[in-house]
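The structure appears right after this line, and notes come after that.
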């Protein structure tokens, strides 16, 4: 089963519930099998199966709660990123657990784009295919997501 | 351009996105603040990857359930669960136990081979088969630093017919493993390397043929190796010998 462990990890990050993640992965493989004829040979299989998982999540009970915020967010004008703390100094002090907590605290559309880029190491084009959005939106959403992540880490660091 | 304007390119640069970053690199050489910020973004990417990778791993039960669902196998019923008890006789129970052991071993071997084949086929069918694309072993091996809890040696291939194409991080039985892709006369060969006990090494013969593919596996110095290819078993074996010699260095 290609990408099984990684899909499960990604599903857990999306749902934050292992049972829901198991259901999500199972449904993804079933849909992938049923719809394999729609997969175009020579195109990106990874982006295809991640798109199935992500679309299945968005139509699930948990996922439906987050979809409303997506479109409006992408219409927002991107503000220039302001830097309050040099990240290299910040990261020297934060633990992996703190980064995990910050990731969990992010809204799902920010969390997923960071995970696809930094964990799955997808190109902007692959992320665009997976999330069904243009590359420009991938870049602006990533920028926003990372800004939110930095703010969370800075805030957590300030509390300790 | 001001620092504020260059900042728009920081993420794309840190993400290795395609583009012309010559101007940005020139600016980074002279602007300490921007260089520090770009470094921070690269560090945040690495830290995020380390924090998120394998945070959640699927259980063996769940993997089996999915495999059964895909294969269309029926789930065990309550009746079938009670069936062994109904036999009553100790001899029958022993027979069931022995059979179960053999079946488990057979099933484990079948799953290992199926997963190796799946991963090889998915890789060669992919538009992006490897994450680090290089024929240089001194580029490919260091790419795995920080991604795997072990290290390995790659052979010098300058005087051999094999060519290294690159590598990527994969998960095998929920453990991180290296998948390296080699080429020989238009045939592609996947080499999987994992820490023991990763069950990369299936029970039974070390060289087998399955669905037209040749597979060879072995263990050496605490690591499990497996090679999968549609090339002939002699070619697979020869690459195996090169890897074994490199591991001994």
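Chains as they are written, first to last, in our numbering: chain A, 834 to 993; chain B, 117 to 365.
Note that beta-carbon positions come from the ideal geometry of N, C-alpha and C, so glycine has one too.
| Asked | Found |
| --- | --- |
| Straight-line gap, residue 838 of chain A to residue 337 of chain B (C-alpha atoms, nearest Å) | 26 Å |
| Beta-bridge pairing of residue 303 of chain B - partner residues as DSSP gives them | B:300 |
| Given 8 Å, three or more beta-carbon pairs between the region 860-869 of chain A and the region 962-972 of chain A | no |
| Distance CB(residue 286 of chain B)-CB(residue 308 of chain B) smaller than 9 Å | yes |
| 9 Å Cβ cutoff met for residue 939 of chain A and residue 981 of chain A | yes |
| Contact with chain B by residue 835 of chain A, beta-carbon distance below 9 Å | yes |
| Three-state secondary structure assigned by DSSP to residue 360 of chain B | helix |
| Proximity test, Cβ basis, 9 Å: residue 932 of chain A and chain B | yes |
| Start and end residues, beta strand (DSSP E) containing residue 287 of chain B | 279-288 |
| Under the three-state DSSP convention, the category residue 913 of chain A falls into | In this prediction, residue 913 of chain A scores a pLDDT of 43, lower than 50, which makes its location untrustworthy; the coordinate-derived value is nonetheless stated afterwards. Coil at residue 913 of chain A, not helix or strand. |
| Neighbourhood of residue 195 of chain B by C-beta distance below 8 Å, restricted to the same chain and skipping five residues each side | In this prediction, residue 195 of chain B has a pLDDT of 37, which is less than 50 and means its spatial position is unreliable; what the coordinates show is noted afterwards. Contacts found: none. |
| Backbone secondary structure at residue 336 of chain B - three-state DSSP | strand |
| Residue 965 of chain A burial status per 10 Å Cβ neighbour count (16 or more: buried) | exposed |
| Straight-line gap, residue 960 of chain A to residue 968 of chain A (C-alpha atoms, nearest Å) | 8 Å |
| Neighbourhood of residue 361 of chain B by C-beta, 7 Å cutoff - its chain only, sequence neighbours within 5 removed | 271 |
| Span separating the alpha-carbon of residue 853 of chain A from that of residue 133 of chain B | 33 Å |
| Unbroken alpha helix (DSSP H) run spanning residue 158 of chain B, endpoints | 148-168 |
| Three-state secondary structure assigned by DSSP to residue 973 of chain A | helix |
| Three-state secondary structure assigned by DSSP to residue 967 of chain A | coil |
| Beta bridge counterpart(s) of residue 343 of chain B as assigned by DSSP | B:307 and B:332 |
| DSSP beta-bridge partners of residue 128 of chain B | DSSP output for residue 128 of chain B lists no bridge partner at all. |
| Integer Cβ distance of residue 138 of chain B from residue 158 of chain B, believed to fall under 8 Å | Their Cβ separation, rounded to whole angstroms, is 18 Å, which puts residue 138 of chain B and residue 158 of chain B out of contact at 8 Å. |
| Alpha-carbon spacing of residue 147 of chain B relative to residue 862 of chain A, whole angstroms | 49 Å |
| N- and C-terminal bounds of the alpha helix (DSSP H) containing residue 253 of chain B | 253-259 |
| Residue 340 of chain B vs residue 363 of chain B beta-carbon contact at 9 Å | no |
| Under the three-state DSSP convention, the category residue 294 of chain B falls into | strand |
| Pick from A:881, A:855, A:884 and A:928 that is closest to residue 180 of chain B, judged by C-alpha positions | A:855 |
| As assigned by DSSP and simplified to three states, the class of residue 842 of chain A | helix |
| Integer-rounded CB distance, given that residue 343 of chain B should sit under 8 Å from residue 331 of chain B | 7 Å |
| CA nearest to the CA of residue 979 of chain A, picked from A:885, A:942, A:835 and A:859 | A:942 |
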